[in-house]
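Here's the structure we're looking at; comments come further down.
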Amino acid sequence: MFKNKIISKAKELGFDLIGFSDYQHLNEETSKLKEWLNKGYQAGMSYMERNVEKREDVSLILDEAKSVISLGMNYYIDEDFESKEGKVSRYAWGKDYHLIIWEKLDILVDYIKTLDNTFEAKSYVDTGPVMDRAWAVKSGLGWQGKNSNVISKEIGSWFFISTIITNYEFTEYNIPHNDFCGTCTACIDSCPTSAIVEDYVVDSNKCISYLTIENKNKIPDKFIGKFENWIFGCDICQDVCPWNIKFAKQTDCKEFEVIHKNLSVSEVLELNKESFKKKFKNSPIERTKLKGIQRNAEFLMKRN
Ligand code: SF4
Ligand code: SF4
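Residue numbers (our numbering): 715 to 1018.
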């Protein structure tokens, strides 16, 4: 069967989760997004304000869109930090995941085209105007938890989501995943900056992940002493999630080899443009540029 062949190939390439949704407008999700934007919770991520109509309707991305395939790739490495200094979010411990997953998606799409040469696709990994989390829920990969991450009952939330929009119509689709957060509030209670302002809603203005990565400005002084040594990203609301505590398992993907788990604050402050480029080549940490990572290091120094 066509779908089974896609599933086997995806698994062979290292994807852990795969699900299929039929084409539909994401009305409910878009109105929640608009509400979130109206409250200014996107902070400096103005790109979130653009292309809302494409996020709602994927046929504005691929004319003949009939289905969406969501894939999840587990990146969990069963190791702890080397020290408490300058912690890096797990997703950034190794090589930039875009580089790893784009290649695998290309191979997958090329393979599907050999099965049916009318298959057309647009693929995304965490970039582009696609509501990847909403599609992952619709495709049955997991549910969007109160910390806003998609959680799988099989592997928790330590996985990257990719999305393929296609003109292919499948005969069967997954059903959207139920929510299994229940009465748990561990993520909300543990967030050191109270960034989860209500169930399922994160205010980026307060989120360490945003403040240390996407943010281009000074980190507000009101957060001094609250960053718990995170220099790039923050994993607290995932670390405390009972689904991760119970079900996270080591990734099979060898490409997610650890390069940077901790950064020495003093070493970061000594970097120059050249040494920064060399040290973080092909790492997600490149994203902050030298200025951003040094701002984070200086901010962590302020607590003392
Ligand atoms: S990533 Fe950190 S700061 Fe952001 S919501 Fe989660 S616990 Fe809070
Ligand atoms: S910590 Fe609890 S409330 Fe938060 S995402 Fe996990 S299960 Fe849901």
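All C-beta atoms, glycine included, are put in the ideal place defined by N, C-alpha and C.
Terminal residues of the continuous alpha helix (DSSP H) containing residue i?
i: V982; result: 979-984
i: F961; result: 956-961
i: V823; result: 811-829
i: D851; result: Going by the sequence as given, residue 851 is Val instead of Asp. Residues 846-852.
i: G1006; result: 1003-1015
i: I902; result: 900-904
i: K746; result: 741-752
i: S989; result: 987-993
i: K768; result: 766-770
Alpha carbon to alpha carbon, what distance is there between residue j and residue i?
i: K968; j: D810; result: 13 Å
i: L983; j: A1011; result: 7 Å
i: N1018; j: F716; result: Because the pLDDT at N1018 is just 48, under 50, the model does not fix this residue reliably, and the point stays unresolved.
i: I927; j: S871; result: 20 Å
i: Y755; j: Y914; result: 12 Å
i: K975; j: Q1008; result: 17 Å
i: K829; j: L751; result: The sequence shown places Leu at residue 829, rather than the Lys named in the question. Their backbone Cα atoms lie some 41 Å apart in a straight line.
i: D966; j: G728; result: 7 Å
i: V772; j: V851; result: 16 Å
i: Y805; j: F874; result: 8 Å
i: I732; j: D949; result: 24 Å
i: K867; j: P956; result: 11 Å
Give a single yes or no on whether residue i has its beta carbon closer than 8 Å to a heavy atom of ligand 1.
i: Q952; result: yes
i: P998; result: no
i: G758; result: no
i: Y924; result: yes
i: C921; result: yes
i: D820; result: no
i: T1002; result: no
i: D840; result: no
i: S904; result: yes
i: I783; result: no
i: D1006; result: Before going on, a small fix: residue 1006 reads as Gly here, not Asp. No, the beta carbon of G1006 sits no closer than 8 Å to any heavy atom of ligand 1.
i: V916; result: yes
i: A909; result: yes
i: G947; result: yes
Considering just the uninterrupted stretch of the beta strand (DSSP E) at residue i, what are its terminal residues?
i: F873; result: 873-880
i: A724; result: Counting along the chain, A724 falls outside any beta strand (DSSP E), though it belongs to the alpha helix (DSSP H) covering 716-726.
i: K836; result: 835-839
i: F734; result: 731-736
query: Who's in the neighbourhood of ligand 2, going by beta-carbon under 5 Å from any heavy atom, listed in chain order?
result: G859, K860, N861, C895, C898, A900, C901, C955
message: Ignoring anything shorter than 4 residues, give me the alpha helix (DSSP H) runs that lie fully in the region 912-977, in order along the chain.
response: 922-926, 950-953, 956-961
- request: Jot down the residue ranges of each uninterrupted beta strand (DSSP E) in the region 773-801, minimum 3 residues, whole runs only, in chain order.
  value: 781-788
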